[in-house]
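Asks:
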Amino acid sequence: MNEDKMNRENGENTQNFHTASNGGWGQEERSQSGYQGGWNQSAQNAGATPSYGQARSAYDTQGIYGGKPRQPRAPKEHRSGGKSRVGRFFKGVGALVLVAAVSVGSTVGYLKWMGYEPSKGTSSSSSGNTTSGTKVIYQPTYSEDSLTSAQIYEENVSSVVAITSQMSNGSGVGTGIIMKEDGYIITNDHVVADALSITVRTYDGTEYQAQVVGTDEKTDIAVIKIDADGLKAATFGDSDQLVVGEPAVVIGNPLGLEFANTMTQGAISSTSRDIQIGNYIMNVIQTDASINPGNSGGPLFNSLGEVVGVVSSKINTSEAVGIGFAIPSNTALKVANDFIEYGAVQDRPMLGVTVEEINSYYGRMQGITAGLRVAEVVEGGAAQLAGIQAGDYIVSFNGEEVSTLSELNYAKDQCQVGDTVEVGLIRGGQEITVDLVLKDANQLDA
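Every number in this note's numbering is 1037 more than the matching position in the sequence shown, counting from 1.
1. Hey, D1253 and A1259: beta-carbon distance below 8 Å or not?
2. Alpha carbon to alpha carbon, what distance is there between E1444 and R1410?
3. Comparing alpha-carbon positions, which option in V1474, D1277 and V1414 lies nearest A1427?
4. Report the CB separation of L1442 from N1339 in whole angstroms; it is logged as a contact under 8 Å.
5. For L1535, list the residues DSSP reports as bridge partners.
6. Leaving out the 5 sequence neighbours to the left and right, which residues in its chain are closer than 8 Å to V1432 when beta-carbon positions are compared?
7. Who are the Cβ neighbours of R1470 in its own chain at under 6 Å, not counting the five residues just before and after it?
8. In whole angstroms, give me the CA-to-CA distance for K1269 and T1236.
9. Could you tell me which of V1229, G1303 and S1183 sits nearest to G1282, measuring between CA atoms?
10. Whole angstroms is fine: what's the gap from L1557's alpha carbon to A1199's?
11. Which class does M1402 belong to by DSSP, given the choice of helix, strand or coil?
12. Can you round the beta-carbon distance between I1263 and G1220 to whole angstroms, since I take them to be within the 8 Å contact cut?
13. Is it buried or exposed, G1346, if we count other Cβ atoms within 10 angstroms and call 16 or more buried?
14. How long is the line joining the alpha carbons of D1226 and G1342, rounded to whole angstroms?
15. Could you work out which residue in L1473, D1472 and V1454 is closest to N1479 when comparing CA atoms only?
16. With 16 other CB atoms within 10 Å as the buried threshold, where does D1375 fall?
17. My output table needs one value for V1194: the three-state DSSP class, helix, strand or coil.
18. Can you tell me whether DSSP reads L1409 as helix, strand or coil?
19. Helix, strand or coil, according to DSSP, for A1111 in the structure here?
20. Considering only residues of the same chain and omitting the five flanking positions on each side of G1274, which have a CB-CB separation below 7 Å?
21. Do T1212 and S1333 have their beta-carbon atoms positioned less than 8 Å apart in this structure?
22. Ends of the alpha helix (DSSP H) at Y1447?
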């Protein structure tokens, strides 16, 4: 289905853009909001925002994609905290930049600290904590088998690719990670979504034309495929085992191809941050490793040289330094493997509608009512079976009032496929309520 995007500026949609969406990938409810992402076009255009990036989010986000920044989209499901916390953080932060092209509207995080295992060694020194003449040295569990940054780079740089996406209004450069030896590559949704053509350049300089396997705005993850064999696939680690303070390494193409295969390093600043990217609230890893437009879609490595995150965005404001975000590898791999095996993300509740988020400014300009207007209903989908019609306005979902697309998606993501929910509508000036049974992408396509 085609879905409109409305440009959102300073947290509020102010312009209307009509851009083709990637229907059929198991995604829905994409609003008309735009974003400035951050996947650079080229080194020459490093100072400009990506030409193809219609801002998708409330904050200025530069993707790490190369070219002008384009704004983000997806979040992680079933996050606690509620919408009252979402948005509170970024009112004082400023702009969020997609390392690939993702915008962040709010951040609600909580640090997750993991245990440190002590190792004991005999010492005659009186310094440190001593028990019965034995000095206790506290050492992070990750450090025993950790690699140097140089080793991580040498072992993994050939698993990182540069992605150039040709858009209708320009081009941009991002980064990708080789998932499989036969040409499957994972990157950000905002790097390749709506691209007219995609060129992949591997570490040895070989260029390939790529095809999109699937894109998902909700998690900002996409999979593309090139016709190649014998590629060096990256090793993916368990992002749930990350430790705050653990060394982190990023490899990518900041500011475009001129700085291809650049490595930056830092630490894992937080293992869990809830941020709003575009129309979704997503849970991400925070790092202070340098991230810039063109890095979008590239790998975040742990101290063992395993990919534990897909670089996605950063906060873009003079008041913030070294606050970047990556999608956890466990989230990214689940979405990517679903695309490869099924062609759509599995087990995700969907309404079967295209919704336009119309703000008061645009509504006045066009002479229409502001709110969440149903633009299109999928035939045979959950919404149609519940009696929802094009032109209806959604005002509540499962007992929660909703006025923005992010609020609707957040409320929906608290539910499961098969759940029956009440949807409040305004139709012809009258308020009605319908019961809707949530379906997944496969059921909608059936």
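The C-beta atom is built at its ideal place from N, Cα and C for all residues, glycine as well.
Replies: According to the structure data:
1. yes
2. 14 Å
3. V1414
4. Contact flag wrong, Cβ pair sits at about 34 Å.
5. Within the shown structure, residues of the chain are numbered from 1038 to 1483, placing residue 1535 beyond reach of any answer.
6. G1408, L1409, E1438, V1439, S1440, G1461, L1462, I1463 and E1468
7. Residue identity differs from the one stated: residue 1470 is Thr in this sequence, not Arg. Excluding sequence neighbours, T1470 sits near E1459 and G1461.
8. 18 Å
9. Taking only the C-alpha atoms, the option nearest G1282 is G1303.
10. Outside the displayed span of the chain (1038 to 1483) sits residue 1557, for which this structure offers no information.
11. helix
12. 4 Å
13. buried
14. Using only the alpha carbons, I get a separation of about 24 Å.
15. V1454
16. buried
17. helix
18. strand
19. Low confidence applies here, because A1111 scores a pLDDT of 42, under 50, leaving its location unreliable; read the following figure in that light. Coil at A1111, not helix or strand.
20. N1339, L1341, E1343, V1344, V1345 and S1366
21. In contact: S1333 and T1212 (Cβ atoms closer than 8 Å).
22. L1442 to K1449
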